[in-house]
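Take a look at the structure set out below.
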Amino acid sequence: MTATVSDRLLDWYDGHARDLPWRARPGAPPPDPYRVWLSEIMLQQTTVAAVKPYFETFVSRWPTVEELAAAPQEDIMAAWAGLGYYSRARNLVKCAGEVAQRGGFPMTEGELRELPGLGAYTAAAVAAIAFDRRAVVVDANVERVVARLFAIEDPLPVARKAIRAAAAEITPEKRAGDFAQAMMDLGSGICTTRDPKCLLCPLSADCRARATGDPARFPVKAPKKAKPVRQGRAYWIERENAVWLVRREGKGMLGGMRALPDDGWSARGDGLGEPPLDGDWEGAGMVRHTFTHFALELSVQVQRDATQPSGEGEWWPLDTLNEAGLPTLFTKAARLVTS
DNA sequence: AAATCGTGGTA
DNA sequence: TTACCAAGATT
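Per full-length UniProt numbering, the very first residue in the first sequence carries number 1; after that it's consecutive.
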């Protein structure tokens with residue numbers, strides 16, 4: 001018997017696995033599918049350090065998927081505030097409802113893939129980690145590790161098919177969940193984007209990128225577009241130690257979240273919408289905030305002793321503003337006005 | 001299928 | 001300060 005790449009990786013994992021709140025020990029029975037699912041959704045494009053406090057809050061407040069499904073959507077959205085990519089929270093609510101309705105999580109990758117918020121990666125990850133099903137789990141870590149192991153020269157995203165095929169080649173039939181998590185731990189701690197620590201890597205002898213002498217060159221990536229800068233305004237409307245908050249509509253930018261009223265910068269791109277209230281506005285300063293595909297310069301306009309704007313909204317007491325569940329952009333604006 | 005969708009950490 | 005980027009999904 002010749003040891004394979006997966007054998008070497010799993011041996012390494014047995015001694016070096018990270019201890020994470022949602023994770024079982026290597027070789028141990030799989031953890032609660034609810035915790036696996038919740039952690040995987042939170043971890044999409046999000047660092048472990050950022051997820052940890054949110055995960056603890058969610059599982060202590062809603063210990064089961066049934067309890068999460070029974071919670072008001074606005075409570076869940078507020079609890080998600082600050083974590084970003086709020087469509088995940090909207091889909092979390094939908095998914096919890098479907099799962100509670102059908103009496104638990106499905107166990108196969110194909111059925112998991114049909115749930116809201118679970119794409120190719122997350123469906124495979126939950127199948128492997130929570131149900132010990134053999135699945136090819138490809139996230140950004142796996143892409144990097146595989147691109148280096150096989151020295152794949154095609155740039156991302158063109159190389160995705162080849163990387164997936166190569167990942168399938170080294171994915172074992174047994175311990176698929178441990179293998180997936182081992183690949184991610186390796187990518188996170190050893191086979192890092194910059195300055196990979198090849199001397200500590202259990203796969204260094206298998207790695208064609210290392211043989212080239214410049215493993216950090218992989219994966220090759222297509223150049224990125226520059227981010228445009230947009231301008232916009234937000235309105236701080238205050239009255240009797242309370243501020244007027246609205247709820248953003250729909251599925252777009254910050255959709256479903258509480259917010260300050262604005263001039264339409266997210267919809268129109270150029271702002272230029274009408275203020276939500278007549279009267280004189282005082283400039284409180286500028287907030288700079290960078291989103292995924294553009295940067296925003298948000299001018300914050302203030303009116304105190306204001307009358308109530310027309311349309312839907314609520315007066316929110318200033319002393320409990322941290323419980324309003326504002327996205328970080330508006331938390332910055334509030335800090336500008338109140339400090 | 002290219003564009004859209006947050007945030008905080010790191011170099 | 002800027003630039004990059006992290007357990008991607010959706011349309």
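Positions of the beta carbon are idealized from the N, C-alpha and C atoms, including for glycine.
Option in the options with minimal Cα separation from residue i
i      : options                           : result
Ala211 : Arg148, Phe105 and Ala28          : Arg148
Lys224 : Thr292, Ala216 and Val137         : Thr292
Glu297 : Glu314, Leu329 and Asp319         : Leu329
Leu165 : Gly279, Cys198 and Val137         : In the sequence under discussion, the amino acid at residue 165 is Ala, which differs from the Leu named in the question. Ala165 has its Cα closest to that of Val137, out of Gly279, Cys198 and Val137.
Ser39  : Pro29, Gly27, Glu56 and Arg25     : Glu56
Met107 : Ala120, Trp62 and Ala124          : Ala124
Ala49  : Asp19, Ala295 and Pro228          : Asp19
Arg90  : Asn322, Ala71 and Gly103          : Ala71
Val220 : Gly27, Ile152 and Glu312          : Ile152
His16  : Glu109, Ile163, Pro53 and Met184  : Met184
Ala295 : Val229, Leu260 and Glu109         : Val229
Leu245 : Thr320, Leu186 and Asp214         : Thr320
Arg304 : Arg239, Ala259 and Ala334         : Arg239
Ala222 : Thr307, Trp62, Pro155 and Gln181  : Pro155
Val93  : Trp265, Thr307, Trp12 and Trp62   : Trp62
Gly250 : Asp263, Ala267 and Asp262         : Ala267
Glu323 : Tyr54, Asp75, Ala3 and Thr2       : Asp75
Phe218 : Ala226, Pro196, Asp206 and Gly264 : Pro196
Trp12  : Leu118, Gly187, Gly279 and Gly313 : Gly187
Pro327 : Cys198, Thr290, Asp214 and Trp315 : Thr290
Ala140 : Gln181, Asp214 and Ser339         : Gln181
Glu314 : Ala3, Val243, Thr2 and Gly213     : Val243
Presumed contact (8 Å Cβ cut-off) between residue i and residue j, rounded CB distance
i      : j      : result
Asn241 : Pro317 : 6 Å
Phe105 : Trp37  : 6 Å
Ala81  : Met257 : 7 Å
Ala100 : Val65  : 6 Å
Glu173 : Arg134 : 5 Å
Asp14  : Pro26  : 5 Å
Arg247 : Leu254 : No, Arg247 and Leu254 are not in contact; Cβ-Cβ is about 10 Å, not under 8 Å.
Leu260 : Ala333 : 6 Å
Val51  : Arg35  : Not confirmed; about 12 Å, so no contact.
Gly279 : Gly273 : Their Cβ separation, rounded to whole angstroms, is 16 Å, which puts Gly279 and Gly273 out of contact at 8 Å.
Ala216 : Arg194 : 6 Å
Spatial neighbours of residue i in its chain, beta-carbon cut-off 8 Å, leaving aside the 5 residues before and after
i      : result
Leu301 : According to the sequence as given, residue 301 is Gln; it is not Leu. Same-chain partners within the cutoff: Arg233, Ala234, Tyr235, Trp236, Pro275, Trp281, Glu282, Gly283 and Ala284.
Phe306 : Residue identity check: residue 306 is Ala in the sequence provided, not Phe. Hits under 8 Å: Ile237, Glu238, Arg239, Trp244, Leu277 and Gly279.
Gly311 : Val246 and Pro276
Gly252 : Ser266 and Ala267
Gly119 : Arg113
Proximal residues to residue i (C-beta, below 6 Å), its chain only, five neighbours per side dropped
i      : result
Ala78  : Gly325
Ala69  : Ala96, Gly97 and Ala100
Pro31  : Ala24
Pro33  : Phe105 and Ala130
Glu109 : Ala123, Ala124, Ala127 and Ala135
Ala209 : Arg148, Ala151, Pro215 and Phe218
Neighbourhood of residue i by C-beta distance below 7 Å, restricted to the same chain and skipping five residues each side
i      : result
Leu203 : Val5, Arg8, Leu9 and Leu149
Leu336 : Ala284, Gly285, Val287 and Val300
Cys191 : Arg144, Val145, Arg148 and Cys201
Ala167 : Val136, Val138, Val142 and Val146
Asp206 : Val5 and Leu149
Glu67  : none
Gly117 : Ile41, Arg88, Asn91, Leu92 and Cys95
Gln73  : Val93
Tyr54  : Met42 and Leu83
Quick one: complete alpha helix (DSSP H) runs, 4+ long, within the stretch 211-294? 265-268
Do the stretch 111-120 and the stretch 148-161 make contact, defined as three or more Cβ pairs closer than 8 Å? The stretch 111-120 is not in contact with the stretch 148-161.
Inter-stretch contact at 8 Å, needing at least 3 Cβ pairs: the stretch 169-188 / the stretch 125-136: By the Cβ test, the stretch 169-188 is in contact with the stretch 125-136, since at least three Cβ pairs between them sit closer than 8 Å.
So within the stretch 52-84, which uninterrupted alpha helix (DSSP H) runs reach at least 4 residues, ignoring any that extend past its ends? Counting only runs of 4 or more, we get 65-70 and 73-80.
Check whether the stretch 42-53 touches the stretch 84-97, taking contact to mean three or more Cβ pairs, one atom from each stretch, closer than 8 Å. yes
Completely contained alpha helix (DSSP H) runs for the stretch 300-336, where each covers 4 or more residues: none
Segments of 4+ residues assigned as alpha helix (DSSP H) that fall wholly inside the stretch 105-156: 109-113, 120-131 and 140-149
Runs of alpha helix (DSSP H) wholly within the stretch 2-48 (minimum 4 residues, chain order): 5-16 and 33-43
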